[in-house]
Amino acid sequence: QIRVMESGGYGSQGPAGSVGSVQPGCVYLVGAGPGSVELLTLRALEVLRSCDVVLYDRLVPDEVVALAKPTAEVRYVGKGTDVS
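Residue numbers (our numbering): 7 to 90.
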C-alpha cells in the first residue's frame, strides 16, 4: 500500500495525523520551494535524509538533491529539452 503525503508545507503531517518520524512504505512529496537549499523546511530535510529512493526533476537544485542520505537511490525523472 502506498500512502501519498505532502511533506515540507505548513502543518505537514504523517499517517493518522502524526508529526515526526518518516514512515516506512510511504511516498512523500517534498516541494523544493523557490529552489534555495536554505529555504527548505526542517521536515523536508528530515524526509530527504531518511528516504531510500529520491526522484527529482530539473526544478530541484543539485544542492537539495545532495541532501539525500548516501545510500539512497537517486534518480532524475524530468524531461529533457529535446522531449515534447
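All residues carry an ideal CB built from backbone N, CA and C; glycine is no exception. Note that the structure is predicted; figures quoted are calculated from it, not measured.
Check	Outcome
Of the listed residues Lys-85, Lys-75, Arg-49 and Gly-86, nearest to Asp-58 (C-alpha basis)	Lys-75
Spatial distance of Cys-32 from Glu-44 (CA atoms)	25 angstroms
With 16 other Cβ atoms within 10 Å as the buried cut-off, status of Arg-49	buried
Val-53: first and last residue of the uninterrupted beta strand (DSSP E) it sits in	Not the beta strand (DSSP E): Val-53 falls in the alpha helix (DSSP H), residues 48 to 56.
C-alpha distance - Val-28 paired with Lys-85, whole-angstrom precision	29 angstroms
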